[in-house]
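This report concerns only the one structure given below.
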Amino acid sequence: MARPVRRGTSAVLAAVVGGLVLAGCGGGEPASPFPPRPVDIDVSTLDPCSTLTRDQQDVLGVGPGEVRVLTLPSGPSRACMWSNVDDGFNYTVQVIDESATAAVGAPGTSVDTVGGFGAVRVTDFAGSAPLCELYVDSADDRSIRVQVQATADDPDGSAKPLEKVCAVTSSVASQVMGNIRNGAR
Numbered sequence: 556m557a558r559p560v561r562r563g564t565s566a567v568l569a570a571v572v573g574g575l576v577l578a579g580c581g582g583g584e585p586a587s588p589f590p591p592r593p594v595d596i597d598v599s600t601l602d603p604c605s606t607l608t609r610d611q612q613d614v615l616g617v618g619p620g621e622v623r624v625l626t627l628p629s630g631p632s633r634a635c636m637w638s639n640v641d642d643g644f645n646y647t648v649q650v651i652d653e654s655a656t657a658a659v660g661a662p663g664t665s666v667d668t669v670g671g672f673g674a675v676r677v678t679d680f681a682g683s684a685p686l687c688e689l690y691v692d693s694a695d696d697r698s699i700r701v702q703v704q705a706t707a708d709d710p711d712g713s714a715k716p717l718e719k720v721c722a723v724t725s726s727v728a729s730q731v732m733g734n735i736r737n738g739a740r
């Protein structure tokens with residue numbers, strides 16, 4: 556004699572097994588907050604002072620950058636700094652041996668993109684002159700930081716608005732990443 560088929564039990568069992576299989580597929584690392592990189596950038600040999608062309612430096616009103624080695628918790632970091640005392644902006648490009656995702660979720664941050672690369676915008680710098688940073692996702696465990704800081708007030712004596720400083724930061728970061736990407740090809 557044939558056993559009766561219990562369709563309800565089979566359907567529940569199939570749903571549970573299917574759910575476990577799907578749950579198993581969902582494990583692992585969380586999804587990146589960034590879009591896929593257009594290209595991975597090896598920053599180990601990148602000269603930060605070469606990331607802006609001479610013409611771009613002229614437009615910013617700066618000369619050749621000043622090479623610096625900065626100390627971070629992740630180790631030494633190479634940077635290049637430019638300053639324009641006439642318009643009151645300092646510019647920095649820095650290579651960092653840490654993923655840009657490390658900055659995601661910190662106070663005063665938001666996820667952004669620069670030239671197709673994911674980035675984290677940082678603006679929470681209480682007590683400092685208006686400052687805006689972009690940590691650009693250049694490789695799995697590396698990032699490029701572009702920073703612009705207002706060092707003087709506007710001609711009317713008011714502090715430069717953070718929105719203006721961040722607009723300059725976005726423009727400089729786009730130029731930097733475009734130059735690096737074109738050189739990376």
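Heads up: the sequence shown begins at 556 in the numbering used here, then just goes up one per residue.
We put the CB at the ideal spot given by N, CA and C, even for glycine.
Sorted by chain position, which residues of the same chain lie with C-beta nearer than 6 Å to aspartate 595's C-beta, five sequence neighbours on each side aside?
-> Ala694
Under 9 Å between C-beta atoms of lysine 715 and alanine 705 | In this structure, alanine 705 lies closer than 9 Å to lysine 715 by Cβ.
May I ask you to verify whether the region 707 to 726 touches the region 636 to 652, counting CB pairs closer than 8 Å and requiring at least 3?
-> Because the criterion of three Cβ pairs below 8 Å is met, the region 707 to 726 and the region 636 to 652 touch.
Assigned exposure category for arginine 609 - 16 Cβ within 10 Å defines buried = exposed
When the Cα atoms are used, what is the spatial distance from glutamate 688 to proline 662?
-> 13 Å
Apart from the five residues on each side of it in sequence, which residues of its chain come closer than 6 Å, Cβ to Cβ, to glycine 673?
-> Phe589, Pro590 and Asp692
Which of helix, strand or coil DSSP assigns to serine 726 | helix
Valine 648 beta carbon less than 9 Å from that of arginine 592 = no
Cβ-heavy atom distance between threonine 706 and the ligand COA below 8 Å?
-> Although the ligand COA was asked about, the structure shown includes no ligands whatsoever.
Distance, Cα to Cα, valine 685 vs glycine 738?
-> With the sequence shown as reference, residue 685 is identified as proline, and valine is not the correct amino acid for it. Each residue's Cα considered, the two are about 31 Å apart.
Quick one, which of Asp679, Val675 and Ser725 has its alpha-carbon nearest tyrosine 690's?
-> If we check each option's Cα against that of tyrosine 690, Val675 comes out closest.
Which residue or residues does DSSP assign as beta-bridge partners of threonine 664?
-> In the DSSP output, where bridge partners are listed per residue, threonine 664 has Val677.
So the alpha helix (DSSP H) valine 614 belongs to, where does it begin and stop?
-> 609 to 615
Please determine, among Gln611, Gly682, Ser713 and Ser726, the residue with the shortest C-alpha to C-alpha distance to glutamine 702.
-> Ser726
Going by alpha carbons, who is nearest to valine 617 out of Ala722, Cys604 and Val677?
-> Cys604
Excluding sequence positions up to five away, which residues of its chain have a Cβ less than 7 Å from the Cβ of serine 627?
-> Reading the sequence as shown, one finds leucine at residue 627 and not serine. Here the set comprises Ile651.
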